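Colleague:
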Amino acid sequence: MPRGLRKRGRRNKRDQDDQHGVSEETYPHEVTNESLPQPTYAQARNSEPSWIIPAASQNNDEETNPEAPFGFVDAEIKAYFRTVDVQIRDWQESTAEVEGEDEDTETDPNEERRMFFVAALTEMQGKEKQLATDPDCSIILERMTHSMDDFVRRVFVDSMAGSYKVLARHRFGSHVCQTLFTLARDTIQREIKGIYPQMSGSEPQGELRTMVQLIQDICEELLPSLSALVMDPFGSHVIRSLLALLCPRLAGQDSTQSTLVRSKKSAAWKAKQGPMKSVFDKGKGKDHSNALHVPSGFHEMARRFIRTLVTELDENEVRAMAANKVASPGLQMLLEVEADQGLSDEPGSLMDRVTVGIMSASRVGQPPSEPSDYLNTLLRDTTSSHLLEAIFTRAPPKAFDVLWSLYLQGKLPRLAVHPIANFVVAKALDRADEAQLSGACQELHEVWPRLIASSRSGVLKAVIDRAAKLQVLGDDVVEATLSAFGLEKEEKRSSLVPCALALLSYEASNAICDYNTRKSAPEEQPKYHNRKHEKAKQHSNSLEPQLPGSLLLQSLLQLPEPHCQIVTDSISSLAMEERIQLAQHSISSRIYDAVLSSATISSKSKRAFVMSFTGHYHQLADDRLGSRVADRCWDFADTYLKEKIARSLIPHQQFLASSFYGKFFNRNLNLHLLQRRPDEWRNLQAEKRKKLEDATPKDSSSSQPTKESAVIPSTHQPSATESTSPQPKKKRKRQENEIDALFNASLGKKVKKGALEHESRKAVVSTGESAPVDKGLQEILGAIKLAPNSEKSKSKRSKRS
1 MPRGLRKRGR RNKRDQDDQH GVSEETYPHE VTNESLPQPT YAQARNSEPS
51 WIIPAASQNN DEETNPEAPF GFVDAEIKAY FRTVDVQIRD WQESTAEVEG
101 EDEDTETDPN EERRMFFVAA LTEMQGKEKQ LATDPDCSII LERMTHSMDD
151 FVRRVFVDSM AGSYKVLARH RFGSHVCQTL FTLARDTIQR EIKGIYPQMS
201 GSEPQGELRT MVQLIQDICE ELLPSLSALV MDPFGSHVIR SLLALLCPRL
251 AGQDSTQSTL VRSKKSAAWK AKQGPMKSVF DKGKGKDHSN ALHVPSGFHE
301 MARRFIRTLV TELDENEVRA MAANKVASPG LQMLLEVEAD QGLSDEPGSL
351 MDRVTVGIMS ASRVGQPPSE PSDYLNTLLR DTTSSHLLEA IFTRAPPKAF
401 DVLWSLYLQG KLPRLAVHPI ANFVVAKALD RADEAQLSGA CQELHEVWPR
451 LIASSRSGVL KAVIDRAAKL QVLGDDVVEA TLSAFGLEKE EKRSSLVPCA
501 LALLSYEASN AICDYNTRKS APEEQPKYHN RKHEKAKQHS NSLEPQLPGS
551 LLLQSLLQLP EPHCQIVTDS ISSLAMEERI QLAQHSISSR IYDAVLSSAT
601 ISSKSKRAFV MSFTGHYHQL ADDRLGSRVA DRCWDFADTY LKEKIARSLI
651 PHQQFLASSF YGKFFNRNLN LHLLQRRPDE WRNLQAEKRK KLEDATPKDS
701 SSSQPTKESA VIPSTHQPSA TESTSPQPKK KRKRQENEID ALFNASLGKK
751 VKKGALEHES RKAVVSTGES APVDKGLQEI LGAIKLAPNS EKSKSKRSKR
801 S
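Residue numbering for the sequence shown follows UniProt numbering, starting at 1 and increasing by one per position.
(1) What does the alpha-carbon distance come out to for the pair Gln213 and Ser457?
(2) If we ignore side chains and look at the alpha-carbon of each, how far apart do Leu496 and Phe609 end up?
(3) Tell me whether Leu470 is buried or exposed, calling it buried when 16 or more other Cβ atoms sit within 10 Å of its Cβ.
(4) Can you check which of these residues, Val447, Pro397, Leu412, is closest to Asp433 by C-alpha distance?
(5) Please classify Trp269 as buried or exposed, where buried requires at least 16 other C-beta atoms within 10 Å of its C-beta.
(6) Check Cys247 in the structure and name its three-state DSSP category.
(7) Between which two residues does the alpha helix (DSSP H) harbouring Leu222 extend?
(8) Are the CB atoms of Leu552 and Leu429 nearer to each other than 9 Å?
(9) Quick one: measure Cβ to Cβ for Tyr592 and Val567, integer angstroms, because I've assumed they're closer than 8 Å.
(10) With a threshold of 8 Å, are at least 3 pairs of Cβ atoms found where one atom belongs to the stretch 363–371 and the other to the stretch 414–422?
(11) From Arg169, Thr308, Met211, Gly615, pick the residue whose C-alpha is nearest to that of Thr182; which is it?
(12) With a 10 Å radius around its C-beta and 16 neighbouring C-beta atoms as the bar for buried, classify Thr83 as buried or exposed.
(13) According to DSSP, simplified to helix, strand and coil, what is Gln554?
(14) Between the beta-carbon of Thr179 and the beta-carbon of His146, is there less than 9 Å?
(15) Mind checking whether Leu245 and Ala320 have CB atoms under 9 Å apart?
(16) Going along the chain, which residues of its own chain have a beta-carbon closer than 6 Å to the beta-carbon of Arg590, five neighbours each way excluded?
(17) Over the uninterrupted alpha helix (DSSP H) stretch that includes Ile139, give me the two end residues.
(18) When burial is assigned at 16 or more other CB atoms within 10 Å of the CB, is Asp15 buried or exposed?
(19) In terms of alpha-carbon separation, which member of Cys441, Ile452, Ser455 lies closest to Ile464?
(20) Assuming Trp448 and Ala480 make a contact with CB atoms under 8 Å, what is their CB distance in whole Å?
(21) In this structure, how does DSSP classify Glu736 when only helix, strand and coil are distinguished?
(22) Can the beta-carbon of Arg466 be found closer than 9 Å to that of Leu437?
(23) Just to confirm, is the Cβ distance from Asp217 to Ala302 under 9 Å?
(24) Distance, Cα to Cα, Leu684 vs Phe81?
(25) Is the stretch 552–562 in contact with the stretch 598–607, if contact means three or more CB pairs nearer than 8 Å?
(26) Only counting the same chain, and skipping five residues up and downstream in sequence, which positions put a Cβ closer than 8 Å to that of Arg209?
(27) Cα separation between Ser278 and Gly173?
(28) So the alpha helix (DSSP H) Leu596 belongs to, where does it begin and stop?
(29) Sort Asp635, Asn324, Asp679 by Cα distance to Lys691 and report the nearest one.
(30) State the DSSP-derived secondary structure class of Asp430, mapped to helix, strand or coil.
(31) Could you give the distance in angstroms between the alpha-carbon of Lys403 and the alpha-carbon of Glu221?
(32) Take His585 and list the residues in its own chain whose beta-carbon comes closer than 6 Å to its own, dropping the five residues that flank it on each side.
(33) Can you tell me which of Leu543, Leu503, His237, Ser612 puts its alpha carbon nearest to the alpha carbon of Asp514?
(34) Can the beta-carbon of Leu141 be found less than 9 Å from the beta-carbon of Val176?
(35) Mind checking whether Phe485 and Ile452 have CB atoms under 9 Å apart?
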């Protein structure tokens, strides 16, 4: 064994004597020669193995220190920015209080904040890259970015130009880039409209590029390394945020796009960091317009992203990205961009490579005759199934028909029950035509009960939604729903709402109800428990309303009139206590909202639903959620129906007034005016209804009005017995009586008691008011003048005594 590779045994005596020299065992690869000059300390350090290089030398080398590629932040600067973070947190949490203050305040709360923010920006100048890659200061930088105006934001983006390739692959710098690209959208929208910030009093130090130019230059910087960034665990999120900026329609197209830009873990961590918003004026830095304008160069830049990946990656590499947890969301968004650009059906496109040539073959008219094993694997994979959902959603019509016939038709019973593939089937059913939907209902005829037993109602809901949108196959959908819950018989159909809410069959729900009944009476419980009883014991709490069941019933209410009656009839067959319980639950109360807002339900059925609660509205309104349902019913009712509801609540007026939630509903009733002047009450309600219809947008059927929006102030001047409607103010003002109104009209609100008599007399002499007001004012002043003097004299006498 060579001498230099010896690990154990007795150490060489010559090495022990020369402890400060350079031994042979240290450099086994070099030939020692005493005649040669001895290496210096620096040469010895460079020739040592990498594993014994001290950490200090690694910190000075950018290539060997990926954690701090631009250097570390000084301890003093880091401590300063921690104080900045604490101050901004306090201001962001107190923004709601600042917004609720009166507008006529003399001091500007934003002036102090601007001075503090300018000092922080001055300290940040020249250290942007170090702060962005620091684990503590990166989140502070993100918090500060929300409070920057357009000019400062452009300076900040420009200061890191040329380093975005490194920042995108950094653990903390990538999040800073994401925040910048997200906030840049509002700045770009203002630049398109010609709104640019004006900087006065500052000497120009060069031409500052606009945000549109900066984003294009960043794309040019990242294009050469695009294929590596898409597969990078940190750079992939940056590319997705950049694609969402280049194609704004993708970001607002579906709620699932938010999960594509930022992972659930990252979103949960950022939610713990507190609110991220501007500390300055309300709504600053936001563009509230619904239409998003896209610069002309962004579409071409998005196409360059697609062409770069198509050129750099071959077919196998693109298909491998589908199963990669890091690259699959990025590839899904690239497919969205490709479909938005109209490039999906071109030969060699990304979607054509993932679908193994189906896109180009369907365009020519020669679709493949056999399915691919690769796509069958994607159907059942946890990661790549999301990609297949995007393909079924955005594929061209001809390609979708080919995908349906090859991979779904004839296989729906197995795929609908699969824990992963059922989501892909539900997405595909959203685009199915009438023939495909009818075939799916026939295939799944025997599988509907298994779907409910396995709590996978997504396929059934997709069938109902598609049938409601196409306005076809109503009988088949109703039959499928009844068979899924075991309600084929006529006498069982009244149990549709309780069974659907709990996502249980008729037999399972009855077993649980029997178990709960026996549980309430322990003396009647049997000693022997069979397997069915034990299963009911495990699911004794399963009768609680479930969100999928509520959504299923809301979809049924969108069917045409003859078919949606199975839900309304089931609701009307329930006892009043059960109906009130459903209205007071956060999940099941949405069914009542769908009944009143559905366009397919007739007004007669809605009126019958509202009138069914007559005599029980005081119980309905005595709850946080039930009062909201009562407000919806009150808003729907016409003047005649409102009068019937209000007269039924006259005996319960005291109960509503003492209820914490019912008092708001009681103010809408205005029962005092109804009892004394019914005609005036009817005119007031008709006027309120007209204003409510004018203020409600056309697509308000899906919106849920709040208590404040349900109450609309009237121009009618209320009498002394009429209660005023609540105002959506932060503080409710004290109701003024006739004497207070008289004082405020003549003397003003802020008048000292000592100057009351002088100011009032001066006002009476100077202003030419009518005689009755002056006479009454003098009498009131005389009474007020005598009363305090008599009390003061009595108090003085008591003190002297």
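Even glycine gets a Cβ: it sits at the ideal position worked out from N, Cα and C. Please read all numbers here as calculations on a predicted model, not as lab measurements.
Modeller: Taking the structure as given:
(1) What you label residue 213 is simply residue 213 of the sequence shown in a count that begins at 1. What you label residue 457 is simply residue 457 of the sequence shown in a count that begins at 1. C-alpha separation (whole angstroms): 48 Å.
(2) Position 496 of the sequence shown holds residue 496. Position 609 of the sequence shown holds residue 609. Cα to Cα, the separation comes out at about 17 Å.
(3) Position 470 of the sequence shown, counting from 1, holds the residue named residue 470. Classification of Leu470: exposed, given that the 10 Å Cβ count is below 16.
(4) Position 433 of the sequence shown holds residue 433. The shortest C-alpha separation from Asp433 is found at Pro397.
(5) Here residue 269 refers to the residue found at position 269 when the sequence shown is read from its first residue. That one is exposed.
(6) For the purposes of this step, residue 247 is taken as the residue at position 247 of the sequence shown. Residue state, collapsed to three classes: coil.
(7) Taking the first residue of the sequence shown as position 1, residue 222 is located at position 222. Where Leu222 is concerned, the enclosing alpha helix (DSSP H) stretches over 211–222.
(8) Translated into positions along the sequence shown, residue 552 becomes position 552. Translated into positions along the sequence shown, residue 429 becomes position 429. No, they are not a contact pair.
(9) Position 592 of the sequence shown holds residue 592. Position 567 of the sequence shown holds residue 567. The Cβ separation is near 11 Å, so there is no contact.
(10) no
(11) Position 182 of the sequence shown, counting from 1, holds the residue named residue 182. The shortest Cα separation from Thr182 among Arg169, Thr308, Met211, Gly615 belongs to Met211.
(12) Within the sequence shown, residue 83 is the residue found at index 83, counting from 1. Looking at its Cβ environment, which holds fewer than 16 other Cβ atoms inside 10 Å, Thr83 is exposed.
(13) Here residue 554 is taken as the residue at index 554 of the sequence shown, counted from 1. Of the three classes helix, strand and coil, the one that applies to Gln554 here is helix, per DSSP.
(14) Taking the first residue of the sequence shown as 1, we reach residue 179 at position 179. Taking the first residue of the sequence shown as 1, we reach residue 146 at position 146. Going by C-beta atoms, Thr179 is nearer than 9 Å to His146.
(15) Residue numbering aside, residue 245 sits at position 245 when the sequence shown is read from its first letter. Residue numbering aside, residue 320 sits at position 320 when the sequence shown is read from its first letter. Cβ distance not < 9 Å, so Leu245 and Ala320 don't count as in contact.
(16) On the sequence shown, position 590 is the one that residue 590 refers to. Counting only Cβ-Cβ distances below 6 Å, and skipping sequence neighbours, we find Ser550.
(17) Here residue 139 is taken as the residue at index 139 of the sequence shown, counted from 1. Where Ile139 is concerned, the enclosing alpha helix (DSSP H) stretches over 137–145.
(18) Within the sequence shown, the letter at position 15 stands for residue 15. For Asp15, the predicted model reports a pLDDT of 46, less than 50, meaning its position is unreliable; a value from the coordinates is still stated below. Answer is exposed; the Cβ neighbour count stays below 16.
(19) Taking the first residue of the sequence shown as position 1, residue 464 is located at position 464. Closest by alpha carbon: Cys441.
(20) Position 448 of the sequence shown holds residue 448. Position 480 of the sequence shown holds residue 480. With 8 Å as the limit, Trp448 and Ala480 qualify as a contact, their Cβ atoms being about 5 Å apart.
(21) For this step, residue 736 is matched to residue 736 along the sequence shown. At Glu736 the pLDDT is 49, less than 50, meaning the model places this residue with poor confidence; the figure from the coordinates comes in the next sentence. Reduced to three states, the DSSP call for Glu736 is coil.
(22) The residue you call residue 466 lines up with position 466 of the sequence shown. The residue you call residue 437 lines up with position 437 of the sequence shown. Yes, they are a contact pair.
(23) Reading the sequence shown from its first residue, position 217 is the one you call residue 217. Reading the sequence shown from its first residue, position 302 is the one you call residue 302. In this structure, Ala302 does not lie closer than 9 Å to Asp217 by Cβ.
(24) Here residue 684 refers to the residue found at position 684 of the sequence shown. Here residue 81 refers to the residue found at position 81 of the sequence shown. One C-alpha to the other measures close to 58 Å.
(25) yes
(26) Counted from its first residue, the sequence shown places residue 209 at position 209. Around Arg209: Arg154, Asp158, Asp217.
(27) Taking the first residue of the sequence shown as position 1, residue 278 is located at position 278. Taking the first residue of the sequence shown as position 1, residue 173 is located at position 173. About 21 Å.
(28) Taking the first residue of the sequence shown as 1, we reach residue 596 at position 596. Unbroken alpha helix (DSSP H) run through Leu596: 589–597.
(29) To locate residue 691, count along the sequence shown from 1; it is residue 691. Ranking the options by Cα distance to Lys691, first place goes to Asp635.
(30) Working through the sequence shown from its first residue, we reach residue 430 at position 430. Coil at Asp430, not helix or strand.
(31) Counting from one through the sequence shown, the residue named residue 403 turns up at place 403. Counting from one through the sequence shown, the residue named residue 221 turns up at place 221. With the sequence shown as reference, residue 403 is identified as Leu, and Lys is not the correct amino acid for it. So the alpha carbons of these two residues sit roughly 38 Å apart.
(32) Stepping through the sequence shown from its first residue, residue 585 is reached at position 585. Answer for His585: Pro545, listed in chain order.
(33) Stepping through the sequence shown from its first residue, residue 514 is reached at position 514. It is Leu543.
(34) As a first step, residue 141 must be located in the sequence shown, where it is residue number 141. As a first step, residue 176 must be located in the sequence shown, where it is residue number 176. Contact: yes.
(35) As a position in the sequence shown, residue 485 is number 485, starting the count at 1. As a position in the sequence shown, residue 452 is number 452, starting the count at 1. Result yes, Cβ atoms of Phe485 and Ile452 sit closer than 9 Å.
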